[in-house]
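Below is one structure, written out as structure tokens; the observations come after it.
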Amino acid sequence: MGTIKVYNTYQEDFTYKPNNFLICRTRSGNPLANPFSYNGVKTKLSKLSFKTREEAIDAYKVYFKKMYGVDEEITKAFDTIYEKYKNGEDVYLQCCCKPLPCHGDFLAEELQRKLVMEKLAERRKNKKSNTTIDSGIVKQKDGHASGEGSSQIPR
4 MGTIKVYNTY QEDFTYKPNN FLICRTRSGN PLANPFSYNG VKTKLSKLSF KTREEAIDAY
64 KVYFKKMYGV DEEITKAFDT IYEKYKNGED VYLQCCCKPL PCHGDFLAEE LQRKLVMEKL
124 AERRKNKKSN TTIDSGIVKQ KDGHASGEGS SQIPR
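Numbering-wise (our numbering), the sequence shown opens with residue 4 and increments by one.
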């Protein structure tokens, strides 16, 4: 498992690193950008403005959860980052607001959550397949097991 670093593009520079992903709003559009601004200032690049940064981030959380799996661009962008992270590579989320609270923190949490959920599902599947194999063993009258997963020694 790699690490996730959310950083401010004006204070640090990781653009030279592999797996650096811009998550800011851009004129050309960025599927993972937070489309919501705050302080009541709606910019050309934002869809809606909220009173506080926290409200804008909360709105992004709802937006992302609704759009992931539905919007092809958002899903592809997030999954690209996730695959890198899942494969043990470090990923860098480049934003404009760190060290203040940022939607990038939420994206980092979602990457981690997805990995944990995937590992838990994998573990459940493995336990289930082991149970299936065990249930395929039939006890014979003499107490010996036969069937899938058992070995019989000729007498």
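We treat Cβ as the ideally placed atom computed from N, Cα and C, and that holds for glycine. None of these values were measured; they are calculated from a predicted model.
Let me check understanding here. Comparing Cα to Cα, which of the options lies closest to residue i?
i	options	result
glutamate 121	Ile60, Lys89, Ser52 and Val94	Lys89
asparagine 23	Asp61, Asp93 and Met4	Asp93
threonine 1	Lys117, Leu103 and Asn42	Given a span of 4 to 158 for the chain in the structure shown, any question on residue 1 remains unanswerable.
proline 160	Arg30, Arg56 and Lys131	Nothing about residue 160 can be read from this structure; the chain reaches only from 4 to 158.
Got a sec, what are the start and stop residues for the alpha helix (DSSP H) residue i sits in?
i	result
valine 94	That residue, valine 94, is in no alpha helix (DSSP H); its beta strand (DSSP E) goes 94–98.
tyrosine 85	75–89
Cutting at 6 Å between CB atoms, please list the residues of its own chain near residue i, excluding the five before and the five after it.
i	result
lysine 8	Tyr95
Taking 7 Å as the limit between beta carbons, can you name the residues of its chain near residue i, skipping five residues before and five after?
i	result
glycine 91	Met4 and Gly5
tyrosine 63	Asn37, Phe39, His106 and Phe109
glutamate 58	Tyr41
leucine 25	Asn33 and Gln97
tyrosine 71	Ile77, Thr78 and Phe81
proline 104	Arg56, Glu57 and Ile60
Starting from residue i, trace the beta strand (DSSP E) both ways and give me its first and last residue.
i	result
phenylalanine 53	51–53
valine 9	7–11
Look up residue i in the DSSP assignment and say whether it is helix, strand or coil.
i	result
serine 31	coil
asparagine 23	strand
phenylalanine 109	helix
aspartate 16	coil
tyrosine 71	coil
lysine 101	coil
alanine 62	helix
methionine 120	helix
Identify every residue that forms a DSSP beta bridge with residue i.
i	result
tyrosine 41	Phe53
Short of 8 Å in beta carbon distance, which residues of its chain neighbour residue i, apart from the five on each side in sequence? Order them along the chain.
i	result
phenylalanine 17	Lys8, Tyr10, Asn23, Tyr95 and Gln97
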